[in-house]
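J.:
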Amino acid sequence: MKPRIAIPLPTSTDAEYNRIAWPVYATAIEKSGGHPVEIPLDISPRQTADLINTCQAVLLPGSPADLNPHKYGHEPVAECKPSDAARENVDELLIQDAHNLYKPIFAICFGTQSLNVWRGGTLVQHLAPMPVNHPAGRSVAVAHTAAIAPDSLLAAIIPAEEAPEQEGFLRLPVNSSHHQAIGIPGDGLRISARCPQDAVIEAVEGGQATAGPSTDAIHFVLGVQWHPERSYDTSAASRALFHRFIAEATAWTPRAIHASIPKPH
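First residue of the sequence shown? That's 943 in my numbering, and the numbers climb one at a time after it.
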């Protein structure tokens, strides 16, 4: 049976964005052998819990919103875009459930930032203009490269032919569309990739993989700042990320006996 992957709608404020963006994530999951499950942003916590409890893994997608800076102890700067409380609330339920039950987490762009803040980390609210075009946009195939730590989980997933080694790091061309980035990594998250030109954090990971060679495997948590769902058909590295995520979801079994999300009476 295909593993069920919980994917929240990207935003509660732009139906057209959801219509275009969510199916791209869903298609990547389907092509990799999973079953995407839409998590609406306008249902009750109890209904959300019922949906989450049917899923084996969580994918946190991008969003046109910015996270509320007060959640990581900052005052908003002028460039900070409006937050989306409904999306943030659903993300928190999904991440909490995944951490309680060690469900695999794959986070993308805003989803990576959401995961980081949930774990107590901070964000850079706006990347100053620099030679690297981090907010390149949806239509850009390659915005810059990511320098991946060779001893990371991410490096173990990416095909070597797409990320040649240079100066001790694997260099992967990535497509990005963001004006914010991780500042301080959250508890238990390790930086696994940076942009070599400006040191902007491009990927984090935490826990151990369940479908990998490790015998002390615990939890698959991976967040990337770029958009592998958009380059799924053209990039073996993007496909490898989704295939590994689905392999982790397939291998998942509950590792906790307490309820994942308490349901209100």
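Cβ atoms here follow ideal geometry from the backbone N, Cα and C, with glycine treated the same way. Since we're looking at a predicted model, the values are computed, not measured.
Between ASP984, VAL1032, THR996, which has its C-alpha nearest PRO945's C-alpha?
T.: If you number the sequence shown from 1, residue 945 lands on position 3. When only C-alpha atoms are compared, the closest one is THR996.
J.: Can you tell me where the beta strand (DSSP E) holding THR1087 begins and where it ends?
T.: As a position in the sequence shown, residue 1087 is number 145, starting the count at 1. Run containing THR1087: 1086-1090, per the beta strand (DSSP E) assignment.
J.: Is HIS1041 helix, strand or coil by DSSP?
T.: Taking the first residue of the sequence shown as 1, we reach residue 1041 at position 99. In this structure, HIS1041 counts as helix in the three-state DSSP scheme.
J.: Give me, in chain order, the residues of the same chain whose beta-carbon lies closer than 6 Å to that of HIS977; leave out the 5 immediate sequence neighbours on both sides.
T.: Numbered from its first residue, the sequence shown carries residue 977 at position 35. Taken in chain order, the residues that qualify are LYS944, ARG946.
J.: Please work out which residues of its chain come closer than 7 Å, Cβ to Cβ, to ARG1197, disregarding the five sequence neighbours upstream and downstream, and give them in chain order.
T.: Residue mapping note: residue 1197 aligns to position 255 of the sequence shown, counting from 1. Excluding positions up to five away in sequence, the list reads LEU1043, TYR1044.
J.: Exposed or buried, ASP1175, counting other C-beta atoms within 10 Å across all chains shown (16 or more means buried)?
T.: The residue given as residue 1175 occupies position 233 in the sequence shown. ASP1175 comes out exposed.
J.: Using CA atoms only, rank isn't needed, just tell me which of ILE949, HIS1016, SER1025 is closest to ALA910.
T.: This structure cannot settle anything about residue 910, because the visible part of the chain is limited to 943 through 1207.
J.: Is it buried or exposed, ALA1085, if we count other Cβ atoms within 10 angstroms and call 16 or more buried?
T.: As a working mapping, residue 1085 is identified with position 143 in the sequence shown. ALA1085 comes out buried.
J.: Does the structure place the segment 1048-1061 close enough to the segment 1086-1102 that three or more beta carbon pairs sit under 8 Å?
T.: With a cut-off of 8 Å, the segment 1048-1061 and the segment 1086-1102 do not count as touching, because too few Cβ pairs lie within range.
J.: Can you give me the C-alpha to C-alpha distance between GLY1148 and TYR1014, rounded to a whole angstrom?
T.: Locating residue 1148 in the sequence shown gives position 206, counting from the first residue. Locating residue 1014 in the sequence shown gives position 72, counting from the first residue. Answer to the nearest angstrom: the Cα atoms are 19 Å apart.
J.: Suppose the cutoff is 8 Å on Cβ atoms and the five residues either side in sequence are ignored; what does the same chain contact list for GLU1030 look like?
T.: For this step, residue 1030 is matched to residue 88 along the sequence shown. Same-chain partners within the cutoff: LEU1009, ASN1010, LYS1013, SER1056.
J.: Please go through the same chain and pick out, in chain order, the residues whose beta-carbon is closer than 6 Å to the beta-carbon of SER1173, but skip the five residues on each side of it.
T.: Counting from 1 along the sequence shown, the entry for residue 1173 is found at position 231. These residues qualify, in order along the chain: ASN1117, SER1180.
J.: Comparing alpha-carbon positions, which option in ILE1090, GLU1104, ALA1145, TRP1060 lies nearest LEU1036?
T.: In the sequence shown, counting from the first residue as 1, residue 1036 sits at position 94. The option with the nearest alpha carbon to LEU1036 is TRP1060.
J.: Going by the CB atoms, is the gap between LEU1065 and GLN1122 shorter than 8 Å?
T.: Walking along the sequence shown from the start, residue 1122 turns up at place 180. Walking along the sequence shown from the start, residue 1065 turns up at place 123. Taking 8 Å as the Cβ cut-off, GLN1122 and LEU1065 qualify as a contacting pair.
J.: For PHE1048, name the three-state secondary structure that DSSP assigns.
T.: For this step, residue 1048 is matched to residue 106 along the sequence shown. Strand at PHE1048.
J.: Taking SER954 as the reference, which of ALA1007, ILE1143, LYS973 has the closest Cα?
T.: Working through the sequence shown from its first residue, we reach residue 954 at position 12. The shortest C-alpha separation from SER954 is found at ALA1007.
J.: For the candidate residues ALA1182, GLY1130, GLN1167, whose alpha-carbon lies nearest to that of HIS1161?
T.: What you label residue 1161 is simply residue 219 of the sequence shown in a count that begins at 1. Per the Cα distances, GLY1130.
J.: So, using beta-carbon positions, are VAL1000 and ASN1058 closer together than 8 Å?
T.: Mapped onto the sequence shown, residue 1000 falls at position 58. Mapped onto the sequence shown, residue 1058 falls at position 116. In this structure, ASN1058 does not lie closer than 8 Å to VAL1000 by Cβ.
J.: Hey, how far is the Cα of VAL1163 from the Cα of ALA1020?
T.: The residue you call residue 1163 lines up with position 221 of the sequence shown. The residue you call residue 1020 lines up with position 78 of the sequence shown. Approximately 32 Å between the Cα atoms of the pair.
J.: Is VAL1125 helix, strand or coil when you go by DSSP?
T.: What you label residue 1125 is simply residue 183 of the sequence shown in a count that begins at 1. The question names Val, but residue 1125 is Gly in the sequence shown. It is coil, neither helix nor strand.
J.: Secondary structure at TRP1168, three-state DSSP: helix, strand or coil?
T.: Position 226 of the sequence shown, counted from the first residue, corresponds to residue 1168. If DSSP states are grouped into helix, strand and coil, TRP1168 belongs with the strands.
J.: If you run the structure through DSSP and keep just helix, strand and coil, what is ILE947?
T.: Sequence index remark: in the sequence shown, residue 947 carries index 5 (1-based). Three-state DSSP puts ILE947 in a strand.
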